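This report refers to the structure that appears directly beneath it.
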Amino acid sequence: MFLAFILVGLVFAIHHIYRSMRIERVTPLGPVIAMGAAQGQGDTRWVLQTPKGYYPIHQAVSIEPGVELVLLTMGSGHQYLCNSDRSVCASTAKADRHLAAQ
582 MFLAFILVGL
592 VFAIHHIYRS
602 MRIERVTPLG
612 PVIAMGAAQG
622 QGDTRWVLQT
632 PKGYYPIHQA
642 VSIEPGVELV
652 LLTMGSGHQY
662 LCNSDRSVCA
672 STAKADRHLA
682 AQ
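Under the working numbering, think of the first position of the sequence shown as 582, with each following residue one higher.
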């Protein structure tokens with residue numbers, strides 16, 4: 582009985598890890614227009630601007646203006662901004678957070 586409980590727990594853990602790492606949605610954002618720093622509540626956020634809006638990210642990345650971006654939404658809810666071939670990615674500062682283009 583104890584072994585069955587451990588096996589069920591292991592299967593659940595593997596499924597949870599798989600689900601959180603799976604890409605649920607890929608949203609094209611268009612080319613990078615600009616990147617800059619924005620002072621927030623006690624911290625600095627980096628912001629990437631695309632035609633679809635402003636996207637705060639955790640760290641500065643080396644993405645030049647004109648590079649096409651996509652927004653990856655993972656099964657866990659985490660989001661990543663990546664170039665189109667996904668060789669450079671940065672996690673968003675907060676899931677589902679983006680500032681609309683004006």
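Glycine included, every Cβ here is placed at the ideal spot set by N, Cα and C. Here the structure is a predicted model, which means the values were calculated and not measured.
Given residue i, which residues of its chain have a CB within under 6 Å of its CB, disregarding the five upstream and five downstream residues?
| i | result |
| --- | --- |
| R603 | G656 |
| T654 | E605, R606 and Q660 |
Measuring CB to CB, does residue i end up less than 8 Å from residue j?
| i | j | result |
| --- | --- | --- |
| S665 | V651 | yes |
| A585 | H639 | no |
Measuring CA to CA, which of the options is closest to residue i?
| i | options | result |
| --- | --- | --- |
| T631 | V613, S643 and Q640 | V613 |
| P637 | R606, E645, V628 and T654 | V628 |
| S668 | V642, F583 and T608 | V642 |
| P645 | E605, G611 and L591 | Here the sequence assigns Glu to residue 645, which means Pro is not the residue at that position. Nearest option by C-alpha distance: G611. |
Note down, in chain order, each residue of its chain lying with its Cβ closer than 8 Å to the Cβ of residue i, except the 5 sequence neighbours on either side.
| i | result |
| --- | --- |
| A619 | T625, R626, W627, V628 and P637 |
Pull up the distance between the alpha-carbon of residue i and that of residue j, whole angstroms please.
| i | j | result |
| --- | --- | --- |
| M616 | T608 | 19 Å |
| L591 | L662 | 32 Å |
Could you pull out every residue in the same chain whose Cβ sits closer than 7 Å to the Cβ of residue i, ignoring the five residues on either side in sequence?
| i | result |
| --- | --- |
| I648 | Note on identity: in this sequence residue 648 is Val, with Ile being the wrong assignment. Result list for V648: P612, V613 and N664, in chain order. |
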